[in-house]
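Enquirer: Residue numbers (the UniProt record's numbering): 1 to 215.
(1) Would residue 109 and residue 68 qualify as a contact pair, given that the criterion is a beta-carbon distance under 8 Å?
(2) If we count Cβ pairs, one from each stretch, closer than 8 Å, do we get three or more for the stretch 11-26 versus the stretch 125-134?
(3) DSSP three-state label for residue 74, please.
(4) With C-beta atoms as the reference, is residue 105 less than 8 Å away from residue 61?
(5) Answer yes or no: do residue 35 and residue 196 have a C-beta to C-beta separation smaller than 8 Å?
(6) Any idea what DSSP makes of residue 165, helix, strand or coil?
(7) Looking only at its chain, what residues have a beta carbon closer than 8 Å to the beta carbon of residue 56, apart from the 5 residues adjacent to it on each side?
(8) Measure the beta-carbon distance from residue 121 to residue 206 and round it to whole angstroms, keeping in mind my assumption that it falls under 8 Å.
(9) List the residues that DSSP assigns as beta-bridge partners of residue 117.
(10) Suppose the cutoff is 7 Å on Cβ atoms and the five residues either side in sequence are ignored; what does the same chain contact list for residue 113 look like?
(11) What is the DSSP secondary structure of residue 143, counted as helix, strand or coil?
(12) Pull up the DSSP beta-bridge partners for residue 42, would you.
(13) Could you spell out where the alpha helix (DSSP H) holding residue 194 opens and where it closes?
(14) Taking 6 Å as the limit between beta carbons, can you name the residues of its chain near residue 17, skipping five residues before and five after?
(15) Using the rule of at least 16 other Cβ atoms within 10 Å of the residue's Cβ for burial, across every protein chain shown, is residue 15 buried or exposed?
(16) For residue 7 and residue 21, I'd like the C-alpha separation in whole angstroms.
(17) For residue 87, name the three-state secondary structure that DSSP assigns.
(18) Answer yes or no: do residue 231 and residue 27 have a C-beta to C-beta separation smaller than 8 Å?
(19) Less than 8 Å between C-beta atoms, sequence neighbours within five positions excluded: which residues of the same chain meet that for residue 96?
(20) Within the continuous alpha helix (DSSP H) that includes residue 92, where are the two ends?
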């Protein structure tokens, strides 16, 4: 009898955890900060999804009268092979810059940071290297997808810890991700599952790689 009650208790606990995760699991991935008092900021536009993130950065640039938009050049698998065959291909950074210019951001206010980033950690480290010696940057607004915003803020805060810079997360409003009803959409289910795996990777490995890179 005791074993039966124990099994029922475990089952009820499991159901409660599942229900709570379905309700809040998608919300926990989103970090959206209040930027009403922000001024003299630069925007860091993270790569991944070009159109929605670039549109969000363009709107934010106008909203806060940002000084600059930084974009880290990302890795393109097979790019060298394409070059050898005489085939040109524009990457996410160049495509994002094009969107920004077409939406009214002056070209001189857009900086593509050299790099070969394959992850958010790589982007943060390239930004950290780029900002060395630049005392005029004290506020960064991170623009990315909603589901990616919590993890990206964690990574940038960790990487730029030694800098006197305030970091705000401002996910693009053009991202269709539904934080509260994520389990109803196949793509959102995939995003949530992938993002939690990446969060686990960050907590168990990536954050220590960031620490080691500073030494």
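Every residue gets a Cβ at the ideal spot worked out from N, C-alpha and C, and that includes glycine.
Here the structure is a predicted model, which means the values were calculated and not measured.
Expert: So, to answer that:
(1) Indexing the chain shown from 1 puts residue 109 at position 109. Indexing the chain shown from 1 puts residue 68 at position 68. Contact: yes.
(2) no
(3) For the purposes of this step, residue 74 is taken as residue 74 along the chain shown, with counting starting at 1. Three-state result, residue 74: strand.
(4) Along the chain shown, one-based indexing puts residue 105 at 105. Along the chain shown, one-based indexing puts residue 61 at 61. Cβ atoms of residue 105 and residue 61: closer than 8 Å.
(5) For the purposes of this step, residue 35 is identified with residue 35 of the chain shown, where counting begins at 1. For the purposes of this step, residue 196 is identified with residue 196 of the chain shown, where counting begins at 1. Between residue 35 and residue 196, the C-beta gap is not smaller than 8 Å, which leaves the two residues out of contact.
(6) Residue mapping note: residue 165 aligns to position 165 of the chain shown, counting from 1. The DSSP-derived three-state label of residue 165 is coil.
(7) As a working mapping, residue 56 is identified with position 56 in the chain shown. Result list for residue 56: 143, 170, 171, 172, 173, 174 and 175, in chain order.
(8) Here the question's residue 121 lines up with position 121 in the chain shown. Here the question's residue 206 lines up with position 206 in the chain shown. Confirmed, Cβ separation roughly 5 Å.
(9) Reading the chain shown from its first residue, position 117 is the one you call residue 117. DSSP lists 74 as partners of residue 117.
(10) The count along the chain shown starts at 1 and reaches residue 113 at position 113. Hits under 7 Å: 70, 71, 72, 73, 126, 127 and 130.
(11) Within the chain shown, the letter at position 143 stands for residue 143. Residue state, collapsed to three classes: strand.
(12) Walking along the chain shown from the start, residue 42 turns up at place 42. DSSP, once it has assigned bridges, lists 68 and 140 as partnering residue 42.
(13) Counting from one through the chain shown, the residue named residue 194 turns up at place 194. Looking at the DSSP string, the run of the alpha helix (DSSP H) that includes residue 194 is 186-201.
(14) Here residue 17 is taken as the residue at index 17 of the chain shown, counted from 1. Contacts found: none.
(15) Here residue 15 refers to the residue found at position 15 of the chain shown. Exposed.
(16) Indexing the chain shown from 1 puts residue 7 at position 7. Indexing the chain shown from 1 puts residue 21 at position 21. Rounded to whole angstroms, residue 7 to residue 21 spans 21 Å at the Cα level.
(17) Working through the chain shown from its first residue, we reach residue 87 at position 87. Of the three classes helix, strand and coil, the one that applies to residue 87 here is coil, per DSSP.
(18) Residue 231 falls outside the range modelled here, since the chain spans only 1 to 215, and no answer is possible.
(19) Stepping through the chain shown from its first residue, residue 96 is reached at position 96. Result list for residue 96: 45, 47, 50, 53, 54, 57 and 71, in chain order.
(20) Position 92 of the chain shown, counted from the start, is the residue given in the question as residue 92. Taken as a continuous stretch (DSSP letters only), the alpha helix (DSSP H) holding residue 92 covers 92-102.
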